[in-house]
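Basically our numbering = 1-based index in the sequence shown + 275. No residue lacks a Cβ here, since even glycine has one placed at the ideal position from N, Cα and C. On a predicted model such as this, the values are computed, not experimentally measured, just so you know. Data first, discussion second: the structure below is written as structure tokens.
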Amino acid sequence: MLSGMTRLPLYFFSATVLLACTGVSPVADAQNLDAQRAQLKAVIDNAERGQFDPAQAAALSRHPLYGWVEFANLRRNIDTVSNAQAQDFLKRYNGQAVAASFRSVWLPAVARRQDWPTLLANWTDTTNVGLRCAQLNARQATGKADAQWVTEAQAIWRSTGKSLPDACDLVFAVLDAKGGMNAELRWARIDAAADEQQPAVMRSAARGLPAADLALANTYAAFVDKPNASALNWPRNERSRRIATDGLAKLAKADPGATEQQLPQYADALQLSAAQRAQVLYQIALWTVASYGPESARRLNAVPESAYDERLHEWRAREALSRGDWPAALTAIRKMGPTQRADSRWRYFEARMLDKTGKRSEAQAAFREAARAATFHGFLAADQLGQNYTLCPWEPNDSAQAQAAVARDPAIVRAMELFKIERAGWAVAEWNDALSRYDNTQRRLAVEVARDNGWFDRAVFSLGKTPDEQRLYSLRFPLHHDDSIRRESARNAIDPAWVAAEIRAESIFNPKARSPANAMGLMQVLPATGAAVAKSIGLTNYGGAASLYDPDTNIAIGTAYLRQLMNKYEGLPYVTIAAYNAGPTPTARWQSQRPGFDPDIWIETISYKETREYVARILAFSVIYDWRLNGDALPVTDRMNGRLQVKRKTFACAANADKGGD
Numbered sequence: 276m277l278s279g280m281t282r283l284p285l286y287f288f289s290a291t292v293l294l295a296c297t298g299v300s301p302v303a304d305a306q307n308l309d310a311q312r313a314q315l316k317a318v319i320d321n322a323e324r325g326q327f328d329p330a331q332a333a334a335l336s337r338h339p340l341y342g343w344v345e346f347a348n349l350r351r352n353i354d355t356v357s358n359a360q361a362q363d364f365l366k367r368y369n370g371q372a373v374a375a376s377f378r379s380v381w382l383p384a385v386a387r388r389q390d391w392p393t394l395l396a397n398w399t400d401t402t403n404v405g406l407r408c409a410q411l412n413a414r415q416a417t418g419k420a421d422a423q424w425v426t427e428a429q430a431i432w433r434s435t436g437k438s439l440p441d442a443c444d445l446v447f448a449v450l451d452a453k454g455g456m457n458a459e460l461r462w463a464r465i466d467a468a469a470d471e472q473q474p475a476v477m478r479s480a481a482r483g484l485p486a487a488d489l490a491l492a493n494t495y496a497a498f499v500d501k502p503n504a505s506a507l508n509w510p511r512n513e514r515s516r517r518i519a520t521d522g523l524a525k526l527a528k529a530d531p532g533a534t535e536q537q538l539p540q541y542a543d544a545l546q547l548s549a550a551q552r553a554q555v556l557y558q559i560a561l562w563t564v565a566s567y568g569p570e571s572a573r574r575l576n577a578v579p580e581s582a583y584d585e586r587l588h589e590w591r592a593r594e595a596l597s598r599g600d601w602p603a604a605l606t607a608i609r610k611m612g613p614t615q616r617a618d619s620r621w622r623y624f625e626a627r628m629l630d631k632t633g634k635r636s637e638a639q640a641a642f643r644e645a646a647r648a649a650t651f652h653g654f655l656a657a658d659q660l661g662q663n664y665t666l667c668p669w670e671p672n673d674s675a676q677a678q679a680a681v682a683r684d685p686a687i688v689r690a691m692e693l694f695k696i697e698r699a700g701w702a703v704a705e706w707n708d709a710l711s712r713y714d715n716t717q718r719r720l721a722v723e724v725a726r727d728n729g730w731f732d733r734a735v736f737s738l739g740k741t742p743d744e745q746r747l748y749s750l751r752f753p754l755h756h757d758d759s760i761r762r763e764s765a766r767n768a769i770d771p772a773w774v775a776a777e778i779r780a781e782s783i784f785n786p787k788a789r790s791p792a793n794a795m796g797l798m799q800v801l802p803a804t805g806a807a808v809a810k811s812i813g814l815t816n817y818g819g820a821a822s823l824y825d826p827d828t829n830i831a832i833g834t835a836y837l838r839q840l841m842n843k844y845e846g847l848p849y850v851t852i853a854a855y856n857a858g859p860t861p862t863a864r865w866q867s868q869r870p871g872f873d874p875d876i877w878i879e880t881i882s883y884k885e886t887r888e889y890v891a892r893i894l895a896f897s898v899i900y901d902w903r904l905n906g907d908a909l910p911v912t913d914r915m916n917g918r919l920q921v922k923r924k925t926f927a928c929a930a931n932a933d934k935g936g937d
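Put into structure tokens, the structure is as follows:
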């Protein structure tokens, strides 16, 4: 909210800068801007197809995105770009994201043609390991492989147990020739690769070892690949014990039963330490309980308490919940560390277990603590207490000058325009460049600029660095296309807050979103699902998969699909949400494994972490969107059971509230 004036959308300021830069009159309407964006998009698309038109591009020479037009053309022809062209581009756009992006594609091309002086002259430090190795190759080729070169090459060799880029092969060959690749260094990488369960890397690192050591290293790699009796004859030393532990831990993921059977013989033969035995027992228990195998409780109990971490603590509680063993679940929760146990999720389930074991007064106190949080479990706790929800929104009162300054930042202007022409990767590059210079207030104001330009996901990816930022609900929970959401929700007897929550979780209100699985649009509908649902509801204007990028069409189909799932799953939203995320097969399995379970416990015992958290997130988001749409909310306990005609809840910011949220 602006101080002392009516708030103008922040796109007004950035659009004004854009118009001024391009020579278009500031009074030009949106139609002119859209036409210019279409022209810009076409020029870039043509450049990437090898059809760059210099005359057409020249008409955009004053546009803030002209550097990206040049970038598109240069990148298309990167292997033939002359050094003079490249250096001229880098000079003209020095300090901008487009220069850094160009450098990241040009320097590999320079390395491919082995123009080492040029690479060194234009080098800037990077985390890209391939480029770091290319730079070491350049220094070696130009006679600069000094002691520092050796140190840097050895550091890359030691940096990971995973495979390294091909550009590093020559570096390591030269390092070996210089005597910098001794047996100790090779064994260090073999050990690291074993920890990463990468037998191929182990074999590669072993080349160059003396024959006896090479044979042993290859035996180690074979064991990590698949444990075998050769380990019974290994040297009784710490390396053998480490490799055996790594191999057994890897086997436990695929076959915990076989690992449990084999562990004693290897532990006794190699004299594994208590910590190493515990490491394998941990993996056996984890991969058993992850599918609620019949041996879960016994294998969990076999893991020493000293080996438990937050992940296994959660699984121990979940496993007891899955069996309906309330005292065991309560014990498991109380064995958690104080920070984990204080989380609203586990405070809520501690209260639930206290309640189920007849300790009502203790349960009430724990429910009160959990209800302080604006989370799914905090809302559930408030329902148990019959009290309203805690919500402490923050609406900063920023000055108009501060807002306008951020909106006029050239990098922000470029980021918004790149977003408008659907160049998300380039837009993020400009965005990150701007935010690298911003303080917390400027970063938040930049998110407001993005919000006003329809780029809603910036709030999700750029906020949360301070506790108060969790309370920026109007930014973190954008609301768009609400007329369509209300209309289609009413048509399908679906709560509109639920539909908004699905959109927020699936696409963050980006109508052009597309997943690796080809789910499309606001509600991430698969083309096959879209066609089937469109046919079933008689959607006559459905024009195929491309129609899913139209917000109204996507909401109509996605909401109708939710209704179809609701009908299939007996009108239970919490099961429907699980099926929307995971699909029908695992959902059917969870239903058959735990029939008749209370919804909150059924959700917590979903075996897929992604789906378990997704269901809780959607239900929490629904409460927030109810607040945004209506100012009050359907109780989450009724919501997840599909009960819409109940007394609604209001919100309050309690003095002792946890002022964060999901």
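Helix, strand or coil for V356, going by three-state DSSP, please let me know.
coil
Could you tell me which residues DSSP puts in a beta bridge with D933?
A648
Three or more C-beta pairs under 8 Å: does that hold for the stretch 410-430 against the stretch 438-449?
yes
Looking at the strands, I want to know which residues DSSP matches up with M795.
R789, V800
In terms of alpha-carbon separation, which member of L840, P579, P848 lies closest to A549?
P579
So, for E471: in the same chain, excluding its five sequence neighbours on each side, which residues have a beta-carbon less than 8 Å away from its beta-carbon?
T435, G436, K437
Taking its Cβ as the centre, do 16 or more other Cβ atoms sit within 10 Å of S822, making it buried, or is it exposed?
buried
Expected contact under 8 Å - CB spacing of L814 and A831 to nearest Å
6 Å
Collapsed DSSP secondary structure at P301 in the structure displayed:
Residue placement at P301 cannot be trusted, given a pLDDT of 49 that sits under 50; the coordinates are not used to answer.
Identify, in the order they occur along the chain, each residue of the same chain with its Cβ nearer than 7 Å to the Cβ of M477, setting aside the five sequence neighbours on each side.
I465, A468, A469, A492, Y495, A496, V499
Per DSSP, F926 is paired with what?
Y664
Under 7 Å, do V681 and Q717 count as touching if we go by C-beta distance?
yes
Would you check if the stretch 329-345 and the stretch 685-694 touch, i.e. whether three or more CB-CB distances between them fall below 8 Å?
yes
State the CB to CB distance for the pair Y557 and A582, rounded to an integer number of angstroms; the pair is presumed to be in contact (CB under 8 Å).
5 Å
Cβ atoms of T834 and N767: under 7 Å apart, would you say?
yes
Can you tell me which of the three DSSP states A908 falls into?
strand
At 4 residues or longer, and completely inside the stretch 828-886: list those alpha helix (DSSP H) runs for me, N to C.
848-857, 859-868, 874-879
Pick out the complete alpha helix (DSSP H) segments inside the stretch 724-785, 4 residues or longer, and give them in chain order.
732-737, 748-751, 757-766, 771-781
Kindly give me the distance between the Cβ atoms of Y824 and M795, rounded to whole angstroms, as I take these residues to be in contact under 8 Å.
6 Å
Would you list, in sequence order, the uninterrupted alpha helix (DSSP H) runs of no fewer than 4 residues that lie entirely inside the stretch 444-471?
458-470
What separation, rounded to the nearest whole angstrom, lies between the Cα atoms of R609 and A780?
32 Å
Just tell me which of N307, P392, T402 has its CA closest to the CA of T417.
P392
Spatially closest choice to L747 from S897, P668, N457, G818, by CA coordinates:
P668
Among residues of its own chain, excluding the 5 on either side of Y713, which ones have a beta-carbon nearer than 7 Å to its beta-carbon?
A721
Tell me which same chain residues have a C-beta within less than 6 Å of the C-beta of M456, skipping the five on either side of it?
L450
DSSP three-state call for V578: helix, strand or coil?
coil
7 Å is my cut-off, CB to CB: does L547 come that close to chain D?
Structure shown: chain D not included; a single protein chain is present.
Looking at A646 and A656, is the spacing between their C-beta atoms short of 7 Å?
yes
Report the three-state DSSP secondary structure of P502 (helix, strand or coil).
coil
Short of 6 Å in beta carbon distance, which residues of its chain neighbour V921, apart from the five on each side in sequence? Order them along the chain.
D913
Pair every Cβ in the stretch 372-389 with every Cβ in the stretch 348-361, then say whether three or more of these pairs are closer than 8 Å.
yes
Exposure of C928, with buried meaning 16 or more beta-carbon neighbours within 10 Å
exposed
Once the 5 residues before and after W730 are set aside, which same chain residues still bring their CB inside 6 Å of it?
F694
Same chain, Cβ closer than 6 Å to F744, five either side skipped, listed in chain order
The sequence given here has Glu at residue 744, not Phe. Once the five neighbours on either side are set aside, the close Cβ partners of E744 are L738.
For L489, I'd like the list of residues in its chain whose CB is within less than 6 Å of its CB, leaving aside the five on either flank, ordered along the chain.
A481
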